[in-house]
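What follows is a single structure, written as structure tokens, with notes after it.
Residue numbers (this note's numbering): 84 to 202.
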């Protein structure tokens, strides 16, 4: 069961991230805002998949445990999502560095004007 605090914090992080992506002209700030948005989404998934009173599904060989075990699949999916989000952010940073080396700015409007002049 997801607590209300986790859901509010995750929705707030997603809203802040989307606001930053929409309103910022600096490409680095846009990438950081996208990372905040992705973190909020991951937090929401962690909050939804969290189960209280369960244990990791690791049992000694000679144990006859009848404990409630947590499902490892949501944890694996969340870890995979974190790795994919990190890869996307790294790729965006590389593209931003390439744009900065070519146009000598990280301002999106300035880059757009320079590209329009080149055409």
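Heads up, the beta-carbon is just placed ideally off N, CA and C, and yes, glycines get one too. Fair warning: this is a prediction, and the values are worked out from it, not measured in the lab.
Check: Is residue 98 near the ligand COA, going by C-beta to nearest heavy atom under 7 Å?; Outcome: Only the bare structure without any ligand can be found here, which leaves the ligand COA out of the picture.
Check: Does DSSP classify residue 190 as helix, strand or coil?; Outcome: strand
Check: On the three-pair Cβ rule with 8 Å, is the stretch 182 to 200 touching the stretch 116 to 131?; Outcome: no
Check: Check whether the Cβ atoms of residue 137 and residue 153 sit closer than 8 Å, and answer yes or no.; Outcome: yes
Check: With a threshold of 8 Å between beta carbons, is residue 188 in contact with chain B?; Outcome: Protein chain content of the structure displayed is limited to a single chain, and chain B is not contained in it.
Check: Provide the residue span of the alpha helix (DSSP H) that contains residue 112, from first to last.; Outcome: 110 to 132
Check: Can you check which of these residues, 185, 183, 93, 170, is closest to residue 130 by C-alpha distance?; Outcome: 93
Check: Leaving out five residues on either side along the sequence, give the residues of the same chain with a beta carbon under 8 Å from the beta carbon of residue 113.; Outcome: 103, 104, 107, 191
Check: Tell me whether the beta-carbon of residue 100 lies closer than 8 Å to the beta-carbon of residue 90.; Outcome: no
Check: Can you list, in chain order, the residues of its chain whose CB lies under 7 Å from that of residue 183, leaving out five sequence neighbours each side?; Outcome: 189
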